Amino acid sequence: MNVWIVKENEFVDLISGKARSSRAAMLADYFIEQGCKITAWSSLWSHNLKSYLYEEREIIEIKKGLKLHVLPATKEYNSNISFARIAQERQIAKLFKKAIWNEPENPDLIYCCWPLIETSYEAVRYGKKNNIPVIIDIRDMWPDIFIQPFNTLLKPFAKIGIDLLFKRQVSFALQNATMITGTTPKAMALPLKYGREKKRVDHFVFHCYKKPCYSSKELAEAVTKWGFRGVSEKTFNVVLFGSIGTRIVDFDTIFLAAKLLENENIRFIICGTGVDYYFITEKSLNHPNVMMAGLCNQLELVSLASISNVGLIPYRNTFDFVDSLPTKFSEYLSSSLIIFTSLSGLSKTMVEKYSCGRYYSDSSSLANELRKLVNNSEQEQVMRESSNNLYQKMFNADVVYKEFVKELISLSERRGK
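The numbers in this note's numbering rise by one with no breaks, and the one at position 262 of the sequence shown is 296.
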């Protein structure tokens, strides 16, 4: 079976070595395990690095069974929510449309990630014309997300503009896709808003994580390297893995909590890079119990998690994030970390329901909840076991994504009959 995976950015970051496998790349691996051949479609733009990976080839062989068909986009953006990003999305859609209609062989299945809107529209048009199942997997609440930066008075006018730009394509794509999936229950409300009648096959699949396998020697060496940087099991370690950007992450609350905990055996370790990395690094210099670790590879993150206690999800409660369950949620669970989240929606519900973490609303509550945990090792152990149990039950990619892939293959086989 030949499968197309349409996902901007993810495979590019994988090629560059600047990111770990995420949802689309993991699904590609599970498709390959089932004997499928994968063509991924993407430009060479890195969303994380905000730059292009320069590569002359039109086709890049990533691994056996997986090739990347490069869409030669040139437009750039600095802000994730911006007209520049919309312009790049339109360019990618045009390149995708031209490329797929010139392909000599049709796929058996198209898995298309949302966003991007116009690229998804072209994928659904192509699938509808050629009787090919198209799955749209909703990751972000486009186009509604573009209305949120405007104030209350301007929001109605912004909505009119966004509808003029996108409503026709959004409605067509979401109404005519063979299957709609999403990463959260809230994501499944978007297609209904744009006129889709819910189908039996439509459902959400949480962001899952595949725990990497490292030898005890590799892990021990990596832990030793953290020791050289002053990080060990001697302190109560609170980690944050992710992009360093102040639009999404509330660093002020972290720094205020760190100030309150300055004389206690608690340390914050922030891993990642992003548009505000240097600004946040400069602020961290005023807090001796905060460490900016920079961009880390997967072994470094896994080894750090093995000597840590808590994983932070310190996002702002914006429209696009309040009900999200970020990838780091399952990543933290895989290492039996206790999750501390500032999100008041689904993330809060999950940690409270499954007793694997705590919700905090401000710096005082964050500091107080950490103090309680430091002083109660028995409770910490119980919560860590709950994290592991939840991971195995609902967030283990080797279980959840494998079954998801089998479901998608079955959908294609039924369509063929």
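Every residue gets a Cβ at the ideal spot worked out from N, C-alpha and C, and that includes glycine. Treat the numbers as computed from the prediction; the structure is a model and nothing was measured.
Cβ shell of S446 (< 6 Å), same chain only, five flanking positions each side left out: D142, L143, P167
Secondary structure, beta strand (DSSP E): runs of 3+ residues fully inside the stretch 140-172: 143-148, 168-172
What alpha helix (DSSP H) runs, 4 residues minimum, are completely inside the stretch 377-431? 380-387, 397-408, 411-424
Terminal residues of the alpha helix (DSSP H) in which T315 lies: 311-318
Bridge partners for F238 per DSSP, in chain order? G216
Check whether the Cβ atoms of K245 and S368 sit closer than 8 Å, and answer yes or no. yes
What are the start and end residues of each continuous alpha helix (DSSP H) run of 4 or more residues lying completely inside the stretch 184-210, in chain order? 189-210
Given K128 as reference, the closest of S249, P106, E137 once Cα atoms are compared: P106
Checking 8 Å against the spacing of the C-beta atoms, do P177 and F200 come in under that value? yes
If M326 sits next to I304, beta carbons under 8 Å apart, how far is it from one beta carbon to the other, in whole angstroms? 5 Å
Can you give, in chain order, each stretch of the beta strand (DSSP E) that sits fully within the stretch 251-284 and has at least 3 residues? 270-275
Measure from the alpha carbon of T287 to the alpha carbon of each residue in R230, E437, K387, S398, then state which is nearest. S398
Going by alpha carbons, who is nearest to C242 out of M60, K220, V46? M60
Tell me which residue opens and which closes the beta strand (DSSP E) that T73 is part of. 71-76
For I94, which residues in the same chain have their Cβ closer than 6 Å to its Cβ, ignoring the five residues on either side in sequence? L102
For G311, which of A291, E296, F285, P219 has the nearest alpha-carbon? Reading off the sequence shown, one finds Tyr at residue 311, where the question assumed Gly. Checking every option, the nearest Cα to that of Y311 belongs to F285.
Going by beta carbon distance, what residues of the same chain come within less than 7 Å of I196, once the five residues before and after it are set aside? P177, F180, I181
Rounded C-alpha distance that separates K451 from W79: For K451, the pLDDT reaches just 48, beneath the cut-off of 50, and the residue's location in the model is therefore unreliable, although a value from the coordinates is still provided. K451 and W79: Cα-Cα distance of roughly 38 Å.
Do E156 and F130 have their C-beta atoms within less than 8 Å of each other? yes
Around the Cβ of S358, are there at least 16 other Cβ atoms within 10 angstroms (buried) or fewer (exposed)? buried
E231 by DSSP, collapsed to three states: which one? coil
Could you pull the DSSP bridge partners for R301 from this structure? N271
Sorted by chain position, which residues of the same chain lie with C-beta nearer than 6 Å to G161's C-beta, five sequence neighbours on each side aside? I144, V168
Exposure of K406, with buried meaning 16 or more beta-carbon neighbours within 10 Å: exposed
Can you tell which of R202, I115, K71 has its C-alpha closest to the C-alpha of K227? R202
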